[in-house]
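Order-wise, the sequence lines are chains U and S. If you read the first sequence in this note's numbering, its first letter stands for residue 16, the second for the next number, and so on. If you read the second sequence in this note's numbering, its first letter stands for residue 67, the second for the next number, and so on. Below: the structure, in structure tokens.
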Amino acid sequence: MPRYIVERTFPNGLAIPPNAQGAQACMTVVGVNAQAGVTWVHSYVSDDKKKTFCVYDAPSPEAIRKVADLNKLPVDKITEVRVLDPYFSM
Amino acid sequence: MDLLEREPVLAALGTALGEVAGGHGRVVLISGEAGIGKTTLVERFAELHGHAARVLWGACDALFTPRPLGPLRDIAETLPGPLRTLLDTEVSRPAIFSAVLDALRHEARPTVVVVEDLHWADEATLDLVKFLARRIEQLPALLVLTYRDDELGARHPLRRVLGDLTGGRAIRRVPLSPLSAEAVRTLVADRGVDPVALHQQTGGNPFFVSEVLAAGGRGIPSTVRDAVLARAGRLPASGRTLLEAAAVIGARIEPKLLAEVGQDVDQATEACIGIGMLQAQGDGLTFRHELARQAILETIAPPRLRALHRQVLVALLAWPTSDLARIAHHAEGAEETEAVREFAPQAARHAAGVGAHREAAAQYARALRFTHAVPPVERARLLEAYAEESSILDQLGEAITALQEAVTRWRVAGNALKEGETLAAVAWPLVRSGRNAEAEGASRQAIALLQAQPPSRELGRAYRIQAHLRMLDRDRAQALRWAGKAITLAERFDDAETLAAAHIVVGSATLVAGDVRGRTALERGREIARSAGFDSLVGLAYLNLGSACGEIYRFDLAEPYLRDGIAYAIEMNLEHAHHYMRAWQALIRMYQGRWSEAGEAARAVTEAHDVSAVGRIMALVALGRLRTRRGDPGAAAALDEALELAAQTGTLQRLAPVRTARAEAAWLDGDRERTLVEARAVYDLALRHRHAWHTAELTFWRRCAGERVALPAWAAAPFALQLRGDWRRAAAAWGKLGCPLEHARALEDGDAAAQVQALEVLDRLGARPAADALRKRLRAEGVRRIPRGPRPTTRAHPFGLTSREMEILQAVAAGLSNARIGDRLHISAKTVDHHVSAILTKLDVPTRQEAARVSRQWQTDGQHGEAPPTK
């Protein structure tokens, strides 16, 4: 399955508390993703929490946009990526 | 054998049955490799719940070409009511299916319908399963389906059905796992076998394990086949002979038939049952497992195998009623040419009659294998029948080869009319495979041949096909000329099929030339086809109405045709028409800016199995343009594949949509050179066909890329207006057609206010590349008050707090009172109070102190963005 980086902007900053509610919010997103065969691998968040770079495995960019709509998450840009491992030949 | 480690699965089945009793029908799909214990499991379930439910049992045949509706025949045997008679009298499929519904509804208790080994199912059975599963929620029934999931290749017909059975609570999937080492140890008990080695060698497959244990040796055979043969090796010679005859007879073995093929039934059967190779089931016998039957079958030497098939064949032919598919199967096994020649075509016609086209094609193929030497006329008819079934299955290569041979046979038979008719007929699968030049050759040759004869019905058909080819090539004048000739002959010879098809061609050729009056002829053709019962022509009329209106950007007209047409195609099982219309729906949604729907429709086509090239091309164009406009990855891949497929057709109808989409993609990439290459590629072809829309768009892209190219006077208005600098009227025209992106593109050519308006439209659509480019341009031109970007209508926050609520929460966290917050934000304390309650609800916390704590946590913890919290 292709891997994608999904860039998102949260003008008011994104915050997920490290507690049961935060976990619940994440699990809701994960559950909705599963309906379209989309897997949220993990994310990188900018220091001001306004920008996220999310790593996804998905069958297509359309599937990512579909679950983003359902999860009410913004999408700025989707890029298909491959892994480059600098230490591969060491 | 004890049923080990299946309690959870039995419980799941029990739950489903409980829901059925509560008024909600359910489907349970049980999957696993051969020997994993699917049948054993379902039998145990039936045993446990047999008192509370009626259990109906059907199984699919392991025959190479199964009996159409075989499982339903099994079920009908045990069921009172009209179903059995209906099946014997070969009424239409809808009548049979609705009788099944009645049989399920008119029973006080819930019914468990078991269909085993669905991976072997005939096509009609798969349709029945789909039919029931779609209605299951309203039926007092539990549909239990078993299949081997490791035997489904990518193109296995069951895959499409399984794909269909998704979503909702009504459908459950239960994969069966192998036995654990612990369970194998339990089964071994105190026998002298190493349980660890046994588990490893058998992979925990319960049937394999039990075969090894039953064989009783000390070593462990390396395959399940060896294990079965080791067990059978314990039989006396008479038992062994009986087992071979039984294996040839099939999955269900009638003792009467065994006796008729010369077996000493009583004693030998006793022995086979004694060692567990056979078991009694109802009035008959079965192998304990299909794997065992296959193992025995493989050991029979070819001459003896032929002899056994011949004995079975002779016995079945002496019976008053025997299944045609079964007779044909043994006739082939016995290599009895005459019997195959007689019964395989009969079995094929019967299968086709109930809609089992795959089985019908297989039976015709069987007949063809045995009839190389028959008179040419008989052979030609078989080839035509085979080609027809293959076409329905979209196996176009098979259809072409068969029809080409049929042409030769009719020539040998000296029948020029049939030779010409078949020659014309081969053009159709050729053109659907994108082999247009060959199609053209066949069509011309057919006309030449038939014109040398007196006027005929066949000549009318050949004219119609030529007209169709000209229409596909967007050559209106020639299409109308040939269609006119076809209509004259069709009326003279009272040929409703050709008449309907010719009207469809006239209408389509007129429509794609931009003349919406073409709809009248198309609708006329559709109604002639409908009243004469030509379903696929009705589908074709809908398809042409929808796609031709789409091709001239009349989406308002196209939409109802596509909607009704898709519904019709689904009802009538017209897969090609269905996929092609879905692809056009995707294109139209893309132009209309309904991008999520466009993506769904396009993916539905590109992900479906057995989609014809032309359907796939149009879906790929929709997907490619959608991705281009969104700035999503994968646009190039979709448009490269579309180009490859379109190039094979060589027609404007396929090449122009692909080239214009590629030109747009190149332009948004900022690549002028490539934009020119794409836009020039089919420009001359479009010009030659005077295609108003394709020519206009190709000109548009060439001008964008800086080329001074003339615009024909007949080019489509919105593009022409824009190219002449009349951006206002161009924008209005695009708006009227319902194309927001094209509308915005025209506004971009206008004054600063229009450009800002364009940007807003592009932002709202999510057309990032176009919006980015325009924003850059506006900045460079020094335009003030450029909109900042797409307003996040989406939640910026997982708990759905608005920005005002975030602001208030921060103030709460700082310990401010409502009054102070109100002062600071210039709102009343009462309004602040409303906001605070909303915040507490959204955060699901009881007090503002608690909310403040949550807020402070977010502030202090920088690690938690979108990532799941660590445990």
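By construction, the Cβ of each residue, glycine as well, lies at the ideal position given by its N, Cα and C atoms.
Of all the CB atoms in chain U, is at least one closer than 8 Å to the CB of residue i?
i: P626(S); result: no
i: H863(S); result: Since pLDDT at H863(S) reaches only 49, below the 50 mark, its modelled position is unreliable, and the value read off the structure follows with that caveat. For H863(S), the answer is yes, since a Cβ of chain U falls inside 8 Å of its Cβ.
i: G282(S); result: no
i: V920(S); result: yes
i: G736(S); result: no
i: G665(S); result: yes
Determine, for residue i, whether the minimum Cβ-Cβ distance to residues of chain S falls below 8 Å.
i: D84(U); result: yes
i: P32(U); result: yes
i: P101(U); result: no
i: E77(U); result: yes
i: E22(U); result: no
i: N27(U); result: yes
i: R18(U); result: no
i: E95(U); result: yes
Give the C-beta separation of residue i and residue j to the nearest angstrom, bearing in mind that I take them to be a contact with Cβ-Cβ under 8 Å.
i: M169(S); j: L153(S); result: Checking the displayed sequence, the identity of residue 169(S) turns out to be Ala instead of Met. Their Cβ separation, rounded to whole angstroms, is 12 Å, which puts A169(S) and L153(S) out of contact at 8 Å.
i: H675(S); j: R221(S); result: 6 Å
i: R18(U); j: V96(U); result: 6 Å
i: V178(S); j: L208(S); result: 5 Å
i: L483(S); j: Q511(S); result: Contact doesn't hold; Cβ gap of about 14 Å is too wide.
i: A400(S); j: R376(S); result: 4 Å
Compute the Euclidean distance between the alpha carbons of residue i and residue j, then round it to the nearest angstrom.
i: A87(S); j: P206(S); result: 7 Å
i: D100(U); j: V70(U); result: 16 Å
i: L324(S); j: S613(S); result: 59 Å
i: Y59(U); j: G46(U); result: 20 Å
i: A783(S); j: G580(S); result: 11 Å
i: I315(S); j: V378(S); result: 7 Å
i: V440(S); j: Q461(S); result: 25 Å
i: L525(S); j: A508(S); result: 13 Å
i: A199(S); j: G463(S); result: 33 Å
i: V195(S); j: A752(S); result: 47 Å
i: T155(S); j: G350(S); result: 25 Å
i: P146(S); j: A165(S); result: 12 Å
i: A11(U); j: G690(S); result: Given that chain U is displayed from residue 16 to residue 105, the structure contains no residue 11(U) and the question cannot be resolved.
i: M638(S); j: I632(S); result: 10 Å
i: D560(S); j: R527(S); result: 12 Å
i: L938(S); j: L264(S); result: An answer regarding residue 938(S) cannot be provided, because it is not within the stretch 67 to 937 covered by chain S.
i: A51(U); j: V443(S); result: 54 Å
i: F274(S); j: G101(S); result: 7 Å
Between which two residues does the alpha helix (DSSP H) holding residue i run?
i: G27(S); result: Given that chain S is displayed from residue 67 to residue 937, the structure contains no residue 27(S) and the question cannot be resolved.
i: E59(U); result: First, the residue type needs correcting, since residue 59(U) is Tyr and not Glu in the sequence shown. Taken as a continuous stretch (DSSP letters only), Y59(U) belongs to no alpha helix (DSSP H), being part of the beta strand (DSSP E) at 54–60.
i: W494(S); result: 482–498
i: I972(S); result: Not covered by the structure: residue 972(S). The range shown for chain S is 67 to 937.
i: D292(S); result: 290–298
i: G229(S); result: 223–230
i: Y529(S); result: 523–538
i: G631(S); result: 621–637
i: W767(S); result: 758–770
i: A818(S); result: 818–831
i: K92(U); result: That residue, K92(U), is in no alpha helix (DSSP H); its beta strand (DSSP E) goes 92–96.
i: S388(S); result: First-last for S388(S): undefined, no H or E at that position.
i: E129(S); result: A small fix is needed here, since residue 129(S) is Leu in this sequence, not Glu. No alpha helix (DSSP H) contains L129(S), which DSSP labels as neither H nor E.
i: A346(S); result: First-last for A346(S): 344–347, but that is the beta strand (DSSP E), not the alpha helix (DSSP H).
i: Y71(U); result: Careful: Y71(U) lies outside any alpha helix (DSSP H), inside the beta strand (DSSP E) at 66–72.
I need the boundaries of the beta strand (DSSP E) containing residue i, first residue and last residue.
i: P241(S); result: 237–241
i: A207(S); result: 207–213
i: F353(S); result: 350–353
i: G177(S); result: This sequence places Thr at residue 177(S); Gly is not what is there. T177(S) -> beta strand (DSSP E) spans 177–182.
i: Y19(U); result: 18–24
Going along the segment 668–680 of chain S in order, which residues come within less than 7 Å of chain U, judged by CB to CB distance? Flagged, chain order: R669.
Chain-ordered residues of the segment 684–699 of chain S with a beta carbon less than 9 Å from chain U: L689, L692, R693, R696, G697, D698, P699
Listed in chain order, which residues of the segment 870–893 of chain S have Cβ atoms closer than 7 Å to some Cβ of chain U? M872
So if I threshold CB-CB distances at 8 Å, which residues from the segment 833–846 of chain S count as touching chain U? R834
Going along the segment 649–663 of chain S in order, which residues come within less than 7 Å of chain U, judged by CB to CB distance? Here the close residues are S662.
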